[in-house]
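Data first, discussion second: the structure below is written as structure tokens.
Number of protein chains: 2
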Amino acid sequence: MSKPQYLTGDKAAIDAFIDKFDVFLFDCDGVLWSGEYLFPGTAETIEMLRAKGKQLVFVTNNSTKSRADYKKKFDSKGITASAEEVFGSSYSAAVYISRILKLQPPKNKVFVLGETGIEQELQAENIPYIGGTDPALRRDIDPSDFEHIGDGSALDPNVGVVLAGLDFHINYLKMSLAFAYLRKGALYLATNIDSTLPQAHSLFPGAGSVGAGVAKAFGKDPLALGKPSQAMMDAIEGKFKFDRSKTCMVGDRLDTDIRFGIEGKLGGTLAVLTGVSAKEHFLAEGAEVVPTAYIDKLGDLLG
Amino acid sequence: MSKPQYLTGDKAAIDAFIDKFDVFLFDCDGVLWSGEYLFPGTAETIEMLRAKGKQLVFVTNNSTKSRADYKKKFDSKGITASAEEVFGSSYSAAVYISRILKLQPPKNKVFVLGETGIEQELQAENIPYIGGTDPALRRDIDPSDFEHIGDGSALDPNVGVVLAGLDFHINYLKMSLAFAYLRKGALYLATNIDSTLPQAHSLFPGAGSVGAGVAKAFGKDPLALGKPSQAMMDAIEGKFKFDRSKTCMVGDRLDTDIRFGIEGKLGGTLAVLTGVSAKEHFLAEGAEVVPTAYIDKLGDLLG
Chain V
1 MSKPQYLTGD KAAIDAFIDK FDVFLFDCDG VLWSGEYLFP GTAETIEMLR AKGKQLVFVT
61 NNSTKSRADY KKKFDSKGIT ASAEEVFGSS YSAAVYISRI LKLQPPKNKV FVLGETGIEQ
121 ELQAENIPYI GGTDPALRRD IDPSDFEHIG DGSALDPNVG VVLAGLDFHI NYLKMSLAFA
181 YLRKGALYLA TNIDSTLPQA HSLFPGAGSV GAGVAKAFGK DPLALGKPSQ AMMDAIEGKF
241 KFDRSKTCMV GDRLDTDIRF GIEGKLGGTL AVLTGVSAKE HFLAEGAEVV PTAYIDKLGD
301 LLG
Chain D
304 MSKPQYLTGD KAAIDAFIDK FDVFLFDCDG VLWSGEYLFP GTAETIEMLR AKGKQLVFVT
364 NNSTKSRADY KKKFDSKGIT ASAEEVFGSS YSAAVYISRI LKLQPPKNKV FVLGETGIEQ
424 ELQAENIPYI GGTDPALRRD IDPSDFEHIG DGSALDPNVG VVLAGLDFHI NYLKMSLAFA
484 YLRKGALYLA TNIDSTLPQA HSLFPGAGSV GAGVAKAFGK DPLALGKPSQ AMMDAIEGKF
544 KFDRSKTCMV GDRLDTDIRF GIEGKLGGTL AVLTGVSAKE HFLAEGAEVV PTAYIDKLGD
604 LLG
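For the record, the sequence lines run as chains V and D. Here the working numbering is used: the first residue of the first sequence is 1, the next is one more, and so on. Here the working numbering is used: the first residue of the second sequence is 304, the next is one more, and so on.
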């Protein structure tokens, strides 16, 4: 596999790279910002690409935010973007449940392990759900819970899917309910299975880690609808109708973002070094996932 | 591998089986009882074995209870047993930390993911710890936690070990702290890694599932000090000085109890069908873990 091209500081190489593509798919966390910290030059880079007529799609595995939430975050950071340009893993999962699975009511209820972003996207697709941010489940498990989960009386008979995303309010009660629904035959889906969450210049447990307990108890991993799942790429292509050979995926994670672009047979992939993966990971001899090019930070595309 | 002998209802076979052993190691949950439900004949079976002069050791992976807690449970169920006869995974882990690892103070503090049973056994071995049942950690994560875990200011510099057991109060804050300590170089131990917990005639997430999130985030599994780890068998033998060829392990789980006995080269293993594993699991062609014998329930040993 050929070595990736290093673009930072090389104006001619940057221009040539940008000119190869009509569409840029952007990961968000670790690329545009880290938590609340906006990387320098992000807004200007987005403007520059728009001025060149590029189509932009923001493809995020963050399931805690809906497209509308993302629009607010873009606005607050001074980045021009529309809710329509955002494609999140919660949206991807909701679309999968409503348009691919097509579960028949009333057995189409979703038990959610996650935050409001998932709930909003399920609502938008008219999918009934329980769990999620329900305050009744944000408590310790008690002896009667064991009894009523054990005998099934605490379970909703219409739950056909368990959908796991990033849940900052994960607890043993919710894990037990999710596990019980899976044992009763519910399908097991995940918005995404990122093991870590970049936040505050550090790493925290990601959606894949929050959901790992239920997966371990059940003995089976969920079907993930976020990057690098090609179900997500197909859904994005279905919505935006782009030419894959003229499309570039920009991301900080080799195992999700860059793999997503490579397996999606895009024209190119661009790694930024402001997130999870370090250049040593893809420059190493025998590296499995290697981007087309890399830059220190997204703003370096300004040249 | 030869088929296991079925003992239920066969008085002669039962007597011959019991006569082969001087020592019986018992798993507890799923063998003696399921949660609060005592299986019929349990107390009488224990009495019968004592009357025959057998040495009994109760070997449990349940990390939520200390040996003293177990003694109380035995008393409440009318089963004769002493705290000294109980060998739990919390005790096993505490002994490993104090006598094998021998970490030098002050860098010998343990961050606990678990309940009071772990704390009591650490105290008994004079090992300092934080986390565990600390009420200050039984809350939602907030933005300042992200910041202070991220910059390390919320972390105790003397934590040298993360010890994970069954934690009914698992939350994102505790997972984030455990993950941060591991990233700073703390050793990663688990009292046990059972994927499920038999309770209320059903299954709930076990210690291995509660700890799976941190393991997934960190990318590495903990060293487990419970069954089937032979570190636990060595510790039991060190304490009780028995002849392995004259010892039988009794348990309901093939992948922990029966494997523990087989890998420990005990004289025999006895599976009971009141817990996790069904007879189909070990009677199947090509089954990997096969007990010497099996019975429907422990009380069937009364003949």
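Built from N, CA and C at the ideal position, the CB exists for glycine as well.
- Neighbourhood of K519(D) in chain V, by CB distance below 7 Å: S195, G208, S209, A212, in chain order.
- V389(D) places its beta carbon less than 7 Å from that of R370(D).
- The beta carbon of R183(V) lies closer than 8 Å to those of F218 in the same chain, with the five residues before and after it left out.
- For I46(V), the enclosing alpha helix (DSSP H) starts and ends at 42 to 51.
- Here the alpha carbons of D19(V) and L506(D) stand approximately 57 Å from one another.
- The beta carbons of K600(D) and T577(D) sit closer together than 7 Å.
- Under the Cβ criterion of 7 Å, P460(D) is not counted among the residues facing chain V.
- Neighbours of N474(D) in chain V, taken as residues whose beta carbon is under 8 Å from its own, are H169, I170, N171 in chain order.
- Ranked by how close their Cα comes to the Cα of Y181(V), the residues L166(V), V162(V), G251(V), D221(V) have V162(V) in first place.
- Taking the C-beta atoms as reference points, F21(V) is found no nearer than 7 Å to K239(V).
- In this structure, the beta-carbon distance from L526(D) to L492(D) falls below 7 Å.
- The C-beta of P205(V) has 16 or more other C-beta atoms within 10 Å across all chains shown, which makes the residue buried.
- For Q358(D), same chain residues with a beta-carbon under 8 Å away, outside a window of 5 residues either side, are D325, V326, F327, F543, F545 in chain order.
- It is roughly 7 Å from the alpha-carbon of A200(V) to the alpha-carbon of S34(V).
- Counting only Cβ-Cβ distances below 9 Å, H584(D) has no contacts in chain V at all, with the closest Cβ about 13 Å away.
- In its chain, beyond the 5 residues on either side, R547 have a beta carbon closer than 7 Å to the beta carbon of K568(D).
- Between K477(D) and L416(D), the gap from beta carbon to beta carbon is short of 7 Å.
- When the alpha-carbon of Y432(D) is set against those of E450(D), L406(D), F449(D), D445(D), the nearest one is in L406(D).
- Contact annotation for G150(V) against chain D: Q502, A503, H504, S505 [CB-CB distance below 7 Å, chain order].
- Residue pairing of Q502(D) in beta bridges, as defined by DSSP: S505(D).
- Here the alpha carbon of V553(D) sits roughly 11 Å from the alpha carbon of D332(D).
- In the same chain as F342(D), and ignoring 5 residues on each side of it, the C-beta atoms closer than 7 Å to its own belong to L335, W336, T577, K600, L601, G602, in chain order.
- Between F449(D) and chain V, the shortest Cβ-Cβ separation is below 7 Å.
- Separation of F585(D) and L122(V) (C-alpha to C-alpha, rounded to the nearest whole angstrom) is 43 Å.
- Each residue's CA atom was taken as its position, placing D558(D) and E566(D) some 11 Å apart.
- Residue pairing for I130(V): DSSP places it in a beta bridge opposite F111(V).
- Proximity of chain D to D69(V) at the Cβ level (cut-off 9 Å) is not reached, the minimal Cβ distance being about 16 Å.
- According to DSSP, T64(V) shares a beta bridge with no other residue.
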